[in-house]
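When you read off a place in the sequence shown, starting at 1, and then add 1, the result is the number in full-length UniProt numbering. The C-beta atom is built at its ideal place from N, Cα and C for all residues, glycine as well. See below for the structure under consideration.
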Amino acid sequence: AIERTLSIIKPDAVAKNVIGKIYDRFESAGLKIVASKMAHLSQSEAEQFYAVHKERPFFKDLVSFMISGPVMIQVLQGEGAILKNRDLMGATDPKKAEKGTIRADFADSIDANAVHGSDAPETAAVEVAFFFPGMNVFNR
Ligand code: CMP
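Listed below in structure tokens is the structure:
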């Protein structure tokens, strides 16, 4: 099915100047960027976005990393977009990510891991609505 998923290029990858290289991976895999914006998240936005992780030991470090610089946020649309994006990203820990994945090629650590992608249809819907409420998703 045609799906939409929320993707974030994290501060480490934005600082490395590889937004375009990562966008090329999405487009080459047949995913279409149907919404995008650059933002420097506030602490409360980052805490809300990652609320599912708030009891995890890495939550504080995750939030402070995500607000350490600007991020590029996009909605990817395409056949099986959620899983396709997760395949392109590779494992959360770049040391475990398969060769040729975004994290294997651009990430430095499990915290500075270059990209975020929604993990399921339910979270994708919530995450897309969080950053792109209303009508500013362009379908064509
Ligand atoms: P992301 O897909 O953005 O979702 C939560 C983030 O927490 C994850 O990527 C990692 O960057 C970060 N993180 C840090 N430590 C861990 C861990 N042990 N397990 C999962 N995620 C972690």
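Residue i: beta carbon under 7 Å from a heavy atom of ligand 1?
i	result
L63	yes
I68	no
I74	no
Y51	yes
N114	yes
residue 149	Not covered by the structure: residue 149. The range shown for the chain is 2 to 141.
T93	yes
On the DSSP letters alone, give me the boundaries of the alpha helix (DSSP H) that residue i sits inside.
i	result
E99	Unbroken run through E99: none, as it is neither H nor E.
residue 1	Since the first and last residues shown for the chain are 2 and 141, residue 1 lies out of range.
Who are residue i's beta bridge partners in DSSP?
i	result
L63	Beta-bridge pairing links L63 to no other residue.
I10	M73, V116
Q78	R5, K33
K55	Beta-bridge pairing links K55 to no other residue.
A40	V72
Excluding sequence positions up to five away, which residues of its chain have a Cβ less than 6 Å from the Cβ of residue i?
i	result
V53	none
I20	I10, M73
F107	A14, V19, A115
For residue i, which residues from the same chain have a beta carbon less than 7 Å from its beta carbon, with the 5 sequence-adjacent residues on both sides left out?
i	result
A82	E4, R5, T6, L32
A121	I83
Using only CA atoms, which one of the options lies nearest to residue i?
i	options	result
A115	E80, K96, E123	K96
A105	S43, I23, A2	I23
Counting only the same chain and skipping the five closest in sequence on each side, list residues whose C-beta sits under 8 Å from that of residue i.
i	result
T102	D88, L89, M90, G91, A92
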